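Trainee: Sharing a structure below in structure tokens format, with a few things to ask.
In this note's numbering, the protein residues as written are 77 to 189.
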């Protein structure tokens, strides 16, 4: 699974976990570690952790290349590294502060409410 099929799979799993404001960013040529970042929000540290754990479990179950899960201790910003895609699950305040979409200037390849 790769490209649009991979992005759609991840967005679907994030949506199943009630992640908010899901943004898929194409960072090809802007990052040497990945071509795609997906940024989404959760309501609380518990919700952020649950979203990240759920998408990581679904990725493993689908046989995707799962590399790491970081940031669970604080629960403000949890990163799920799938190699081809890096997922940032953030509390709204943290997301507003870091503004990853603006920082990376990626082209949105998809979005969900």
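For glycine and all other residues, C-beta sits at the position ideal for the given N, C-alpha and C. Computed from a prediction, not measured in an experiment: that's the story for all the values here.
For residue 151, which residues of its own chain have a beta-carbon under 8 Å away from its beta-carbon, when the five flanking residues on both sides are left out?
Mentor: Here the set comprises 120, 121, 122, 124, 125, 167.
Trainee: Any heavy atom of the ligand FMN closer than 7 Å to the CB of residue 92?
Mentor: Ligands in the displayed structure: none, and consequently the ligand FMN is not present.
Trainee: What residues match up with residue 164 in a beta bridge as DSSP calls it?
Mentor: 115, 155
Trainee: What separation, rounded to the nearest whole angstrom, lies between the Cα atoms of residue 84 and residue 96?
Mentor: 15 Å
Trainee: Going by DSSP in three states, residue 169 sits in which element: helix, strand or coil?
Mentor: helix
Trainee: Anyone know if the C-beta pair for residue 155 and residue 146 falls short of 8 Å?
Mentor: yes
Trainee: Specify, as a first and last residue, the run of the beta strand (DSSP E) that residue 101 falls within.
Mentor: 96-102
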